[in-house]
Amino acid sequence: MSLLPTLPIQPRIADLGCGSGAGALLLAQHYQSPVVAVDSSAVFIDELTARAKQLGIDRLIVPIHGDMGKLDRSVGVFDLLWSEGAIYHLGFEQGLKLWRPLVADSGIAVISELSWFIDRAPDPAIAYWQNAYPMMGTEAENIDRANRCGFSVLATHRLPSQAWWVNYYEPLRERMQQIEITPITRWRSLSARQSVIQETEAEMRMFERFSDSYGYTFYVLQAF
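Read left to right, the sequence shown gives residues 1 to 224 (this note's numbering).
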C-alpha cells in the first residue's frame with residue numbers, strides 16, 4: 001500500500017473476493033475509511049464481520065454476501081479496488097471488464113493473479129496448469145489484457161514463493177493431516193479426502209519444481 005499513488009482523503013475502497021477479510025481489515029485500518037467487502041461465502045462474510053467487531057472497526061466494514069462478478073455501480077464507484085487471489089474465478093480479462101465500471105477515472109485497482117513468469121515454461125508445468133487454469137497468462141499478456149479493459153499498468157510485484165509455503169501450503173498440509181473420519185461417513189469422506197489430498201499434493205510438487213516459472217503477481221492498475 002505504501003507504493004500506491006496518493007489516494008483521496010478517506011478513499012472509497014472495495015475488496016472483491018475478500019474471503020475472511022485479511023485484506024479488507026488491513027485496508028480499513030490503514031486508510032481509516034470504509035471498505036465494501038464482497039464474497040460469495042456467507043461463512044467468510046460472517047467471519048469477517050466478527051473479526052471487524054473484535055478489532056473495533058466494524059463501522060469501517062461494509063460486508064456484502066454476493067457474487068463479485070455481478071456487481072453494478074449501485075454498490076459504489078471506488079478510488080481503490082482490491083482483489084487478492086480471487087479474479088481467477090472470473091478470468092483476469094473478464095474480471096477486469098466487469099470491474100472497470102466500478103473504478104473511478106484515474107482510480108487504482110490492485111489485483112493479484114496467477115501468472116507465468118517466463119514465456120516458455122517447462123512442459124510438465126504447462127500441462128498441469130492447462131488443465132487446472134487454462135486462462136493463465138504471462139505477465140506481458142496480462143498487461144495487454146489490462147490495457148484492453150481500460151487500465152494502465154503502473155507496476156507489477158511478484159508474491160515471493162516463500163509465502164506460498166509459509167502462509168498456504170504448510171498450514172494446508174497440517175489441516176489435511178488433522179481431518180477426522182466419522183464411522184457414519186467413513187467410506188464417502190475417505191474417498192473425497194483422498195481425492196483432495198492427491199490434488200493438493202500434486203500442486204505442491206509442481207510448485208516445488210517450477211516456482212521460478214509461475215506464481216502470483218500483483219498488478220497495480222490505474223483506470224483511464
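Note that the Cβ used here is the ideal one computed from N, Cα and C, for glycine as well.
Where the alpha helix (DSSP H) containing residue i begins and where it ends
i, result
"R51", "42 to 55"
"R145", "139 to 148"
"P171", "170 to 177"
"L98", "92 to 99"
"L71", "Unbroken run through L71: none, as it is neither H nor E."
"H30", "22 to 31"
"W164", "161 to 164"
Strand pairing of residue i, partner residues [DSSP]
i, result
"S195", "Paired residues: none, contrary to the question."
"Q10", "Paired residue(s): none; Q10 is not in a bridge."
"A155", "V220"
"Y133", "The partner list for Y133 (beta bridge, DSSP) is empty, contrary to what the question assumes."
"P63", "A37"
"D15", "A37, W82"
"Y214", "W116"
Distance between beta carbons of residue j and residue i, contact taken as under 8 Å
i, j, result
"P34", "L71", "Not really, about 16 Å apart at Cβ, beyond 8 Å."
"S112", "L221", "Incorrect: roughly 12 Å between the Cβ atoms, too far for contact."
"M206", "Y133", "Actually they are not in contact, since the Cβ atoms of M206 and Y133 sit about 12 Å apart, beyond 8 Å."
"L55", "V38", "The Cβ separation is near 19 Å, so there is no contact."
"A28", "I57", "5 Å"
"N142", "Y219", "6 Å"
Inter-residue Cα distance where the pair is residue i and residue j
i, j, result
"L114", "T156", "12 Å"
"Q198", "Q32", "43 Å"
"I184", "A192", "At I184 the pLDDT is 49, less than 50, meaning the model places this residue with poor confidence and gives no usable figure here."
"G85", "D123", "24 Å"
"R51", "V103", "27 Å"
"I13", "V36", "6 Å"
"L3", "P11", "16 Å"
"G215", "S195", "24 Å"
"Y168", "H65", "24 Å"
"F224", "A121", "32 Å"
"D212", "S40", "32 Å"
"V62", "E47", "13 Å"
Residue i: first and last residue of the uninterrupted beta strand (DSSP E) it sits in
i, result
"A104", "103 to 116"
Check: residue i C-beta below 8 Å from any heavy atom of the ligand NAD
i, result
"A22", "The model depicted lacks the ligand NAD and carries no ligand whatsoever."
Report task. Count the C-beta pairs between the segment 131 to 141 and the segment 85 to 94 that are closer than 8 Å, then say yes if the count reaches three, no if not. Result -> Cβ pair count under 8 Å is three or more, so yes.
Requested in this report: May I ask you to verify whether the segment 100 to 110 touches the segment 75 to 82, counting CB pairs closer than 8 Å and requiring at least 3?
Outcome: Yes, the segment 100 to 110 touches the segment 75 to 82.
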